[in-house]
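Residue numbers (this note's numbering): 8 to 96. We put the beta carbon where it would ideally sit given N, CA and C, even for glycine.
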């Protein structure tokens, strides 16, 4: 049950961020740039295996991927809240 919460909370935060930014005129550019950033994160983590030590079971990779994506989602959520408040003024 806890694993589902860990998976669904970032997805819910991501959806709320999208909803908060829908009224912004630069939303499409912002969405594309964030997609490119996420692809770059994952590409760096997948191809950058030589940067980190041996990871026999891949748990270090999963942890780095989860932390990276969660951090990105939280930063975008904070930005979305502030931008939404600015748009409403």
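Going by Cα to Cα distance, which pick from the options is closest to residue i?
| i | options | result |
| --- | --- | --- |
| residue 24 | 11, 93, 82 and 39 | 82 |
| residue 93 | 11, 18, 30 and 45 | 30 |
| residue 84 | 53, 55 and 41 | 41 |
| residue 19 | 72, 44, 69 and 80 | 80 |
| residue 45 | 96, 72, 87 and 14 | 72 |
According to DSSP, simplified to helix, strand and coil, what is residue i?
| i | result |
| --- | --- |
| residue 61 | coil |
| residue 30 | coil |
| residue 96 | coil |
| residue 55 | coil |
Alpha carbon to alpha carbon, how far is residue i from residue j?
| i | j | result |
| --- | --- | --- |
| residue 28 | residue 91 | 6 Å |
| residue 10 | residue 36 | 33 Å |
| residue 62 | residue 53 | 12 Å |
| residue 65 | residue 74 | 14 Å |
| residue 43 | residue 96 | 30 Å |
| residue 39 | residue 88 | 19 Å |
Compute the beta-carbon to beta-carbon distance between residue i and residue j, rounded to the nearest angstrom, for a pair I have assumed lies under 8 Å.
| i | j | result |
| --- | --- | --- |
| residue 17 | residue 69 | That belief does not hold up - the Cβ atoms of residue 17 and residue 69 are roughly 14 Å apart, past 8 Å. |
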